[in-house]
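Heads up: the structure comes next, in structure tokens.
Residue numbers (the UniProt record's numbering): 1 to 308.
Put into structure tokens, the structure is as follows:
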């Protein structure tokens, strides 16, 4: 039977050629899948977007909110949706995966990678106002959380590596020249798994609703009390530790499991942010009950680190 709303999630390093590659994939899908409308969700569609918003956590959160809401609107009957954004945080990729799971569509991840030198080279070719600063590129390379095909939200995973070679492949003579830069092809020429992506999205296995997306039954009162008490204790320890360390370093939470008890620092988390994330975690955890307090604390810490 015809799948109604296939979803391709694109992730990749800054200035790696994602949008050029997405244009090639979209053109192929429009040519071969005439019963569908191909919808591309792009960073640039957001009015407040600029490529240096990654230095401002509030702007970045607003941008991610736009991507999420746009995806929810686009996943309708007979649309193929491609999310063309960096999507460098694994926790955010998981959120988008759940959006697709809610509507039971087919789903795949395309990761576009390159080395930092290639990224800087491609960035120099962008028009004025569309490029990253060199500092932002270096910072995003450091922050990038690579997809892992063992995780269900990063699977199936298609990997494309880009370089500076302005043709499909090097000639035999160039291959024999040790001075020749044996890189991958540039985004316009790099080989793409077009057939595999098309067959998976349009003929593959639909995501099925499960405990992470289905409406959960009411949790027992004792579980809700335990979740509330443990998460509140974690928040209080973080707030207290931030006052002492000014939010600059990692924080160890005493009520969590050994080895999974460190909250990554780097900035001050406000009480409002911690309370919002705490409510989200409690809502998620009610669907998958955990009755051990140390385990709950460790899971909450992991959730906070994924939403840094």
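Virtual Cβ for every residue (Gly too), placed ideally from N, Cα, C.
Every value quoted in this text rests on a predicted model; they were computed, and no experiment measured them.
- Between which two residues does the beta strand (DSSP E) carrying residue 12 extend? 7–12
- Item | Rounded C-alpha distance that separates residue 305 from residue 34 | 42 angstroms
- Item | CB contact flag (residue 26, residue 10, <8 angstroms) | no
- Message: Comparing C-alpha positions only, which one of 167, 184, 156 and 232 sits nearest to residue 196?
- Response: 156
- Item | Contact set for residue 161: own chain, Cβ-Cβ below 7 angstroms, skip 5 residues either direction | 113, 114 and 184
- Task: Out of 278, 96 and 284, point me to the one whose CA is closest to residue 318's CA.
- Result: The requested residue 318 is not part of the displayed model; the chain covers only 1 to 308.
- Are residue 163 and residue 186 touching if we call contact CB-CB under 8 angstroms? yes
- Message: At the level of alpha carbons, what is the spacing between residue 86 and residue 158?
- Response: 15 angstroms
- Exposed or buried, what is residue 84 when buried is set at 16 or more other beta-carbons lying within 10 Å of its beta-carbon? buried
- In or out: residue 30 buried (at least 16 other Cβ within 10 Å) or exposed? exposed
- Message: Between residue 230 and the ligand HEM, is there a pair consisting of the residue's CB and a ligand heavy atom that are separated by less than 7 angstroms?
- Response: In the structure shown, the ligand HEM is absent, as is every other ligand, since no ligand is present at all.
- Task: Drop a sphere of 10 angstroms on the beta-carbon of residue 237, count the other beta-carbons inside from all chains shown, and report buried for 16 or more, exposed for fewer.
- Result: buried
- Task: Would you mind sorting residue 251 into buried or exposed? The rule is 16 or more other CB atoms within 10 Å of its CB.
- Result: buried
- Quick one: is residue 123 buried, meaning 16 or more other Cβ sit within 10 Å of its Cβ, or exposed? buried
- Mind checking residue 291: buried by the 16 CB within 10 Å criterion, or exposed? exposed
- Express the C-alpha separation of residue 235 and residue 126 in angstroms, rounding to a whole number. 43 angstroms
- Message: Is it buried or exposed, residue 242, if we count other Cβ atoms within 10 angstroms and call 16 or more buried?
- Response: buried
- Item | Sequence-distant residues of its chain with Cβ nearer than 7 angstroms to residue 18 (five each side left out) | 10, 12, 84 and 112
- Measuring alpha carbon to alpha carbon, tell me which of 132, 108 and 268 ends up nearest residue 151. 108
- Message: I need the boundaries of the beta strand (DSSP E) containing residue 297, first residue and last residue.
- Response: Residue 297 -> not in any beta strand (DSSP E); alpha helix (DSSP H) instead, spanning 293–306.
- Helix, strand or coil at residue 74 according to DSSP, with G and I counted as helix: helix
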